[in-house]
Amino acid sequence: MNFARMEKKPVAEIKRTTKTGNEAATKILARQLVRLRQQIANLQSSRAQMRGIATHTQALAAHSSVAVGMKGATKAMSAMKKEMAPAKQMKVMHEFHKQSAQTDITTEMMSEAIEDVLDDDEAEDETNELKNQVIFVKLFF
Numbered sequence: 252m253n254f255a256r257m258e259k260k261p262v263a264e265i266k267r268t269t270k271t272g273n274e275a276a277t278k279i280l281a282r283q284l285v286r287l288r289q290q291i292a293n294l295q296s297s298r299a300q301m302r303g304i305a306t307h308t309q310a311l312a313a314h315s316s317v318a319v320g321m322k323g324a325t326k327a328m329s330a331m332k333k334e335m336a337p338a339k340q341m342k343v344m345h346e347f348h349k350q351s352a353q354t355d356i357t358t359e360m361m362s363e364a365i366e367d368v369l370d371d372d373e374a375e376d377e378t379n380e381l382k383n384q385v386i387f388v389k390l391f392f
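Quick note: the sequence shown uses the numbering used here, first residue 252, plus one each step.
Here's what the structure looks like:
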């Protein structure tokens with residue numbers, strides 16, 4: 252609606268009646284113009300309120316969509332928690348840690364045993380070599 256056009260007609264009539272000198276008609280037309288302007292202001296206010304309500308309704312719809320999404324996510328997380336069973340997972344992790352520590356100890360013991368055997372072989376080789384040198388020295392000198 253074009254409110255400027257709605258005001259032009261009463262303003263033109265007020266000008267016309269003023270020129271003719273008809274004060275009573277001018278006064279009545281002026282009241283009508285004031286009322287028209289008040290109605291236009293009320294209409295514009297109502298429009299603004301309606302737009303506000305529409306915006307609020309859209310926001311509520313968006314919030315509702317988010318709430319539905321959150322509900323679905325909560326259900327999925329609950330199902331995942333049931334599947335994962337945190338207490339059971341902790342028990343498995345503890346057992347794994349225990350077995351891992353035991354494996355580390357066994358590996359270390361094996362490494363030490365191998366080193367001991369190799370060290371003994373080297374010591375034996377060294378002993379034999381020293382013995383051979385002593386025998387060689389006795390025989391030839």
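Quick reminder that beta carbons are idealized off the backbone N, C-alpha and C, glycines included.
Neighbour-count burial assignment, residue i, 16 or more Cβ in a 10 Å radius
i, result
"Leu294", "exposed"
"Leu280", "buried"
Cut-off 8 angstroms between Cβ atoms - residues of its own chain near residue i, not counting five sequence neighbours on either side
i, result
"Thr277", "Ile265, Thr268 and Thr269"
"Ala262", "Reading the sequence as shown, one finds Val at residue 262 and not Ala. So the qualifying residues of the chain are Leu284."
Assigned secondary structure, residue i (DSSP; H/G/I helix, E/B strand, else coil)
i, result
"Asn379", "helix"
"Gly272", "coil"
"Ala336", "coil"
"Asn236", "Coverage of the chain is limited to positions 252 through 392, which leaves residue 236 absent and any answer about it impossible."
Chain-order list of residues whose beta-carbon lies under 6 angstroms from that of residue i (same chain, five-residue window excluded)
i, result
"Glu363", "none"
Worksheet entry | Three CB pairs or more closer than 8 angstroms across the segment 282–292 and the segment 254–263 | Segments in contact, yes.
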